[in-house]
Amino acid sequence: MDLSDIRKKIDMIDFEILKLLNSRMEYGLRTKKFKRSVTDGKRESEVIDYIQKHSQGLIEPEFCKRLFLQIISETKRLQEESVKLIGFHGEHGAFAEVAAR
3 MDLSDIRKKI DMIDFEILKL LNSRMEYGLR TKKFKRSVTD GKRESEVIDY IQKHSQGLIE
63 PEFCKRLFLQ IISETKRLQE ESVKLIGFHG EHGAFAEVAA R
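Reminder that position 8 of the sequence shown reads as 10 in the numbering used here, one-by-one numbering, no gaps.
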């Protein structure tokens, strides 16, 4: 495996991370209709505790905490802006999703 191969693998992983983040944001938006307030300190603490407890390998728990605090913050921003979710046929990234935008 050379540098080019490693970079291609990193690019593929980055793409998967972005897909997962988009999926998480989508589900975060779905929770809005079940909540009175965008902020739920108890749930946010549960998520951060869970993430830190399950941090493994090379990733430090403190890094995971900062990362997920940013993810939670972005989810709340989307909820506050009342971003609308729309349905479409097909897979994410396919023409139907692009046309729906």
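Glycine is no exception: its CB is placed at the ideal position from the N, C-alpha and C atoms.
Neighbour-count burial assignment, residue i, 16 or more Cβ in a 10 Å radius
i, result
"Q72", "exposed"
"T41", "exposed"
Cβ-Cβ distance between residue i and residue j below 8 Å
i, j, result
"I53", "F70", "yes"
"E46", "I74", "yes"
Nonlocal neighbours in the same chain, by C-beta distance under 6 Å from residue i, ignoring five residues either side
i, result
"Q81", "K34, V40"
"H24", "This sequence places Asn at residue 24; His is not what is there. No residues qualify anywhere along the chain."
"K21", "none"
Residues near residue i by beta carbon distance below 8 Å, same chain, minus five either side
i, result
"T77", "R26, M27, G30, L31"
Nearest-angstrom beta carbon gap, residue j and residue i [assumed within contact, 8 Å]
i, j, result
"I50", "K37", "Contact doesn't hold; Cβ gap of about 18 Å is too wide."
Close beta carbons around residue i, own chain, < 7 Å, minus the five adjacent residues each side
i, result
"S57", "P63, C66"
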